[in-house]
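Residue numbers (my numbering): 5 to 373.
Don't be surprised by glycine CBs; every beta carbon is placed ideally from N, CA and C.
Every value quoted in this text rests on a predicted model; they were computed, and no experiment measured them.
For reference, the structure is listed below as structure tokens.
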């Protein structure tokens, strides 16, 4: 990094050039302009998600979507807290908290812990989606069973995914890790998590890349199962598995996980080649791929709001998003229900039939009398 840093305060450091000599100010200006759109929009949408989830928690909190909703909840600090912080630092040309300060430690905690919780939950969600595709009622308990093994594994996985990062990072920060590069303290410091033992670096590499690899494997397995059912079993007798609500759930999971893979892949490949092959890239690549990752945190809950029927209807009713749309749809439905008005000839035919029926009834009454 360029050692001629522009420092606005004792707790902030700024770098105007990267190791390759590229000027960083134009990139951070562009990221700031984009963040002025995405950060307030994401803040607004995530607040709506919190309100909607609060009112519908008892109705929609099903075992099939525990991991999905908890993943969205884990992303809320990254969107609501880290979003404005990143906007502030983009405005100051990519300045970051000074390494070793309490502000830097807080930034590291707010970044690593929710990110790792989210990654573990998405891994569990990926494999649960695979199970739901193969066996839709995998989490249903049979009448003769006191408990379901799949449900027990589900809750154990949720517990590990949430508790492990919350314990691991505070412990490792006190034993073998720091926000200062201990290998080269004289160099220009970057606010990040640095390790003084290779075993910690290896473990960090595993918990970073293995979840992404497992998500890819589970997603490819889902595609293989769907293609097998569509093309291999096409000439055999088969029935539609799952209800309409089950298919809507799978559609939501497909979109959520596809959005995760699209937004995380650039950063994962960049970090993999940089860490494993020890290659030096421009800060442009790191900043842009990180910005794309934060788009995942910002808009993942929006996918859930749109694709879940109960949450979408709640937003339409309570926030008035769909009043004009619903009124237009109701107008069209009433028009189709009413049908075309009868013609003059049809009215004459109906009148003649009614007169004939009336005369027949009178003739029967006279005959009986």
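| Asked | Found |
| --- | --- |
| Same chain, Cβ closer than 6 Å to residue 218, neighbours up to 5 away in sequence not counted | 127 |
| Cβ neighbour criterion (16 or more within 10 Å) applied to residue 275 | buried |
| Sufficient close CB pairs (3 or more, under 8 Å) joining the region 75-86 to the region 130-145 | no |
| Backbone secondary structure at residue 106 - three-state DSSP | helix |
| Alpha carbon of residue 109 to alpha carbon of residue 41, nearest angstrom | 28 Å |
| Beta-carbon gap between residue 260 and residue 308 smaller than 8 Å | yes |
| One or two residues paired with residue 181 in a DSSP bridge | 199 |
| Integer Cβ distance of residue 162 from residue 71, believed to fall under 8 Å | 7 Å |
| Which listed residue (30, 196, 138 and 105) has its alpha carbon closest to that of residue 94 | 30 |
| Nearest neighbour of residue 69, chosen from 223, 47, 251 and 257 [CA to CA] | 257 |
| DSSP beta-bridge partners of residue 83 | Bridge partners of residue 83: none, in fact. |
| Opposing strand residues paired with residue 118 [DSSP bridges] | DSSP lists no partner for residue 118. |
| Beta-carbon proximity list for residue 204, same chain, < 6 Å, skipping 5 on both sides | 180 |
| Backbone secondary structure at residue 75 - three-state DSSP | helix |
| Residue 140, DSSP secondary structure in three states | coil |
| Beta carbon of residue 67 nearer than 8 Å to that of residue 143 | yes |
| Where residue 183 falls, given that 16 or more other Cβ within 10 Å makes a residue buried | buried |
| Sequence-distant residues of its chain with Cβ nearer than 7 Å to residue 46 (five each side left out) | 83, 87, 302 and 303 |
| Burial state of residue 282 (16 or more Cβ within 10 Å) | exposed |
| Terminal residues of the alpha helix (DSSP H) in which residue 322 lies | 313-323 |
| Distance, residue 55 Cα to residue 305 Cα | 12 Å |
| Distance between residue 176 and residue 293 (C-alpha atoms, nearest Å) | 26 Å |
| Distance CB(residue 116)-CB(residue 197) smaller than 8 Å | yes |
| Residue 102 Cβ short of 7 Å to the ligand MG heavy atom set | By its list of ligands, the structure shown contains no ligand whatsoever, and the ligand MG lies outside what it can speak to. |
| Proximity winner among 226, 215 and 185, relative to residue 201 (alpha-carbon distances) | 185 |
| Which listed residue (140, 280, 268 and 229) has its alpha carbon closest to that of residue 206 | 280 |
| Where the alpha helix (DSSP H) through residue 265 begins and ends | 248-280 |
| Nearest candidate by alpha-carbon position, reference residue 210, set 120, 85, 322 and 37 | 120 |
| Distance, residue 74 Cα to residue 315 Cα | 15 Å |
| Contact set for residue 26: own chain, Cβ-Cβ below 6 Å, skip 5 residues either direction | 286 |
| Alpha-carbon spacing of residue 214 relative to residue 318, whole angstroms | 37 Å |
| Proximity of residue 195 and residue 101 at Cβ, strictly below 8 Å | yes |
| C-alpha gap between residue 310 and residue 248, whole angstroms | 17 Å |
| Close beta carbons around residue 270, own chain, < 7 Å, minus the five adjacent residues each side | 293 and 296 |
| Collapsed DSSP secondary structure at residue 162 in the structure displayed | helix |
| Member of 52, 174, 85 and 64 whose CA lies at the smallest distance from the CA of residue 312 | 64 |
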